[in-house]
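K.L.:
According to numbering that gives the first Met the number 0, the sequence shown is numbered sequentially starting from 0.
Each residue gets a CB set at the ideal place from its N, CA and C atoms; glycine is no exception.
First, the structure itself, so that you have it in front of you.
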Amino acid sequence: MTLEERVEALEDFMGKMNIQQQEVEAVREIVKKTTNEVIANARRAGGILNAAHNQAARKDSVIFRAKEFNVYAAKS
Numbered sequence: 000m001t002l003e004e005r006v007e008a009l010e011d012f013m014g015k016m017n018i019q020q021q022e023v024e025a026v027r028e029i030v031k032k033t034t035n036e037v038i039a040n041a042r043r044a045g046g047i048l049n050a051a052h053n054q055a056a057r058k059d060s061v062i063f064r065a066k067e068f069n070v071y072a073a074k075s
């Protein structure tokens, strides 16, 4: 293999690596956008994160009220 052929082969290889890197970055961007969308949907009024947050807030409120009135659950 001559030096010119080696340089050409190296350039071809580098070009293929660049294309692969661009594909990886495109997939990474798609995953990032999808994840952000899923989280945003979960935070909406009907979303699972919103429901979990509201449920936790209700439990905290009940615990706070129970402590305020010195009401404690019986130990098992």
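Under 6 angstroms Cβ to Cβ from Leu48, same chain only, skipping five residues before and after it: list those, please.
P.N.:
Mapped onto the sequence shown, residue 48 falls at position 49. Cβ neighbours of Leu48 beyond the five flanking positions: Ala41 and Arg42.
K.L.:
I'd like the span of the alpha helix (DSSP H) that includes Ala39, first residue to last.
P.N.:
Here residue 39 refers to the residue found at position 40 of the sequence shown. Taken as a continuous stretch (DSSP letters only), the alpha helix (DSSP H) holding Ala39 covers Leu2 to Arg42.
K.L.:
By how many angstroms is the C-alpha of Ala39 removed from the C-alpha of Val32?
P.N.:
Along the sequence shown, read from residue 1 onward, the residue named residue 32 stands at position 33. Along the sequence shown, read from residue 1 onward, the residue named residue 39 stands at position 40. It should be pointed out that residue 32 corresponds to Lys in this sequence rather than to Val. Cα to Cα, Lys32 sits roughly 10 angstroms from Ala39.
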